[in-house]
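Enquirer:
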């Protein structure tokens with residue numbers, strides 16, 4: 013079943029937003045994107 017909000021960047025649980033951001037930064041650091049917060053994310057693959 014397809015999601016109606018496919019492609020949206022909406023946090024479904026607002027209380028989890030800080031943890032999700034921390035996870036994204038941690039994973040980016042592990043794959044070598046140490047400046048994740050300051051780079052243009054428009055060209056990053058998913």
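Numbering (the working numbering), first residue to last: 13 to 58.
We treat Cβ as the ideally placed atom computed from N, Cα and C, and that holds for glycine.
Just so we're clear, the structure is a prediction, and the values are computed from it rather than from any experiment.
(1) Please report the distance separating the alpha-carbon of residue 23 from that of residue 55.
(2) Whole angstroms are fine: how far does the CA of residue 36 sit from the CA of residue 44?
(3) I'd like the span of the alpha helix (DSSP H) that includes residue 50, first residue to last.
(4) Short of 8 Å in beta carbon distance, which residues of its chain neighbour residue 41, apart from the five on each side in sequence? Order them along the chain.
(5) Pull up the distance between the alpha-carbon of residue 119 and that of residue 34, whole angstroms please.
Expert: Looking at the coordinates:
(1) As a first step, residue 23 must be located in the chain shown, where it is residue number 11. As a first step, residue 55 must be located in the chain shown, where it is residue number 43. Their Cα atoms are separated by approximately 22 Å.
(2) Against the chain shown, residue 44 aligns to sequence position 32. Against the chain shown, residue 36 aligns to sequence position 24. Going from the Cα of residue 44 to the Cα of residue 36 covers about 12 Å.
(3) Taking the first residue of the chain shown as position 1, residue 50 is located at position 38. Looking at the DSSP string, residue 50 is not in any alpha helix (DSSP H), and its letter there is neither H nor E.
(4) Taking the chain shown and counting its residues from 1, one reaches residue 41 at position 29. Excluding positions up to five away in sequence, the list reads 48.
(5) The question about residue 119 has no answer, for the chain in this structure spans 13 to 58.
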